[in-house]
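Just so you know, we're using the numbering used here here: the sequence shown kicks off at 13 and counts up by one. Cβ coordinates follow ideal geometry from the N, Cα and C atoms, glycine included.
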Amino acid sequence: MPSSASEDIVVPRSVVDVTRAEEVAYWMATLGVSEIDLRRAVAASGEVPGDVRDYLGVK
Numbered sequence: 013m014p015s016s017a018s019e020d021i022v023v024p025r026s027v028v029d030v031t032r033a034e035e036v037a038y039w040m041a042t043l044g045v046s047e048i049d050l051r052r053a054v055a056a057s058g059e060v061p062g063d064v065r066d067y068l069g070v071k
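As structure tokens, then:
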């Protein structure tokens, strides 16, 4: 069965959204940090992924 076009599209994440559990799980895995560290980083640096990475010292 062919997949729909929407299943083939990868949407880049432009913000670190800590209001949705699946987004928190994604960013925890991507950045290799705990939930509390992720939430602290977003609170301190904002939702821009690059800023969160810089705050955490993650490349």
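Range of the contiguous alpha helix (DSSP H) that encloses S26:
Here S26 belongs to no alpha helix (DSSP H), and DSSP marks it neither H nor E.
Quick check: the Cα distance between A53 and R32, rounded to an integer number of angstroms?
Looking at the two C-alpha atoms, the distance is approximately 16 Å.
Run the CB neighbour count on V70, radius 10 Å, all protein chains shown included, and call it buried at 16 or more, exposed below.
Counting of Cβ neighbours within 10 angstroms places V70 among the exposed residues, the total staying below 16.
Return the chain-ordered list of same chain residues with a C-beta closer than 6 Å to the C-beta of V28, the five sequence neighbours on each side being excluded.
Close CB contacts of V28 within its chain, under the 6 Å cut and outside five residues either way in sequence, are with W39, V54, E59, P61, V64 (chain order).
In whole angstroms, what separates the C-alpha of E35 from that of D49?
Straight-line Cα distance between these residues: approximately 14 Å.
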